[in-house]
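K.L.:
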Amino acid sequence: MRLERNFFERNTLTVAKELLGKVLVRKVGKKEIRARIVETEAYIGEEDKACHARFGKTKRNAVMYGRAGCAYIYLCYGIYELLNIVTEGKGFPAAVLVRGVVFLPRRSQIGPGKLTKYLKITRALNQEDLTKSEKLWVEDDGFKVKRSQIKSAPRIGIPYAGTWAKKKWRFNIEK
DNA sequence: TATTTGATTCTT
DNA sequence: AGAATCAAATAT
Numbered sequence: 009m010r011l012e013r014n015f016f017e018r019n020t021l022t023v024a025k026e027l028l029g030k031v032l033v034r035k036v037g038k039k040e041i042r043a044r045i046v047e048t049e050a051y052i053g054e055e056d057k058a059c060h061a062r063f064g065k066t067k068r069n070a071v072m073y074g075r076a077g078c079a080y081i082y083l084c085y086g087i088y089e090l091l092n093i094v095t096e097g098k099g100f101p102a103a104v105l106v107r108g109v110v111f112l113p114r115r116s117q118i119g120p121g122k123l124t125k126y127l128k129i130t131r132a133l134n135q136e137d138l139t140k141s142e143k144l145w146v147e148d149d150g151f152k153v154k155r156s157q158i159k160s161a162p163r164i165g166i167p168y169a170g171t172w173a174k175k176k177w178r179f180n181i182e183k
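Going by the numbering used here, the first sequence runs without a break in its numbering and finishes at 183.
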C-alpha cells in the first residue's frame, strides 16, 4: 500500500530509517518501475550546514518548506538529478535524500545520481505530491527490515558542511 | 553581470 | 586526481 501523508509528517530521522526497505514506484506510461530503498540520508533545517535551506528559503528549496510527502528534485553538478522526499510540518525545511536503491528483482545497488536516471526522474517531477501522484510514490510491500540490519554512518559528499558533515544521518540496510 | 561551487559518477 | 556541465549563490 502507498505511504500516506502521516508517514512523512514525522521526525526526519525516523522517516529516513523507516523508508529503508520501502518500494519506490515510478509509473511512466502504463509501465511501473519498482526499486527498493536501501540507503537514505537526512537533511534537517536551516541550522544544518549541509542542507540546501542553510541560507534560508530560495526558489530552489521552497518545496522543502512546503508539505511533507512532496518530492524535492534538483540538479547537482549540472549532470545528476537527486531525489528527496520532504518531511515534517509545513514551514520547517527538512527532507530525506534517497541515496541508494536496488531494482526488483535485480540485485545490484546504484547511487543517488543514477537511480533518478533509471527511474526517469527529472525536475519535471519536482514538487510532485507522492501521496496523490500517478507518476511517483512510495509503497510498503510488507518487506520487513530488522532493527539490527539498519546501520547509521556519516553523511557523504558535503565536506563544506564542517561538523555537520560528521553527523550520522545516513542510513542503510546491512547486506 | 561574472565567478564560484557543488547532497555525483566515470575516466585517467 | 580530474572532467563533465549548469543552476543557484555570492561576489563584483
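From the three backbone atoms N, C-alpha and C, an ideal C-beta is built for every residue, glycine too.
(1) Would DSSP call residue 140 helix, strand or coil?
(2) State the Cα-Cα distance for the pair residue 74 and residue 147, rounded to the nearest angstrom.
(3) Any chance the segment 115–133 sits against the segment 40–49, with 3 or more Cβ pairs inside 8 angstroms?
(4) To which residues of the same chain is residue 97 closer than 8 angstroms at the C-beta, ignoring the five residues directly before and after it?
(5) Are residue 179 and residue 25 touching if we call contact CB-CB under 8 angstroms?
(6) Nearest to residue 51 by alpha carbon, out of 12, 181, 172 and 182?
(7) So within the segment 35–68, which uninterrupted alpha helix (DSSP H) runs reach at least 4 residues, ignoring any that extend past its ends?
(8) Threshold first: 3 residues or longer. Then list the beta strand (DSSP E) segments lying entirely within the segment 97–122, N to C.
(9) Quick one: what does DSSP say residue 159 is sitting in, helix, strand or coil?
(10) With residue 104 and residue 95 assumed to form a contact (beta carbons below 8 angstroms), what rounded beta-carbon distance in angstroms separates them?
(11) Inspect the beta-carbon positions of residue 34 and residue 139 and report whether they are closer than 8 angstroms.
(12) What is the C-beta distance between residue 62 and residue 89, in whole angstroms, given that I count them as a contact (C-beta under 8 angstroms)?
(13) Could you give the first and the last residue of the continuous beta strand (DSSP E) run that contains residue 179?
P.N.:
With the given structure in hand:
(1) coil
(2) 22 angstroms
(3) yes
(4) 17 and 76
(5) yes
(6) 172
(7) none
(8) 102–111
(9) strand
(10) 6 angstroms
(11) no
(12) At roughly 21 angstroms, the Cβ-Cβ gap does not stay under 8 angstroms, so residue 62 and residue 89 are not in contact.
(13) 178–181
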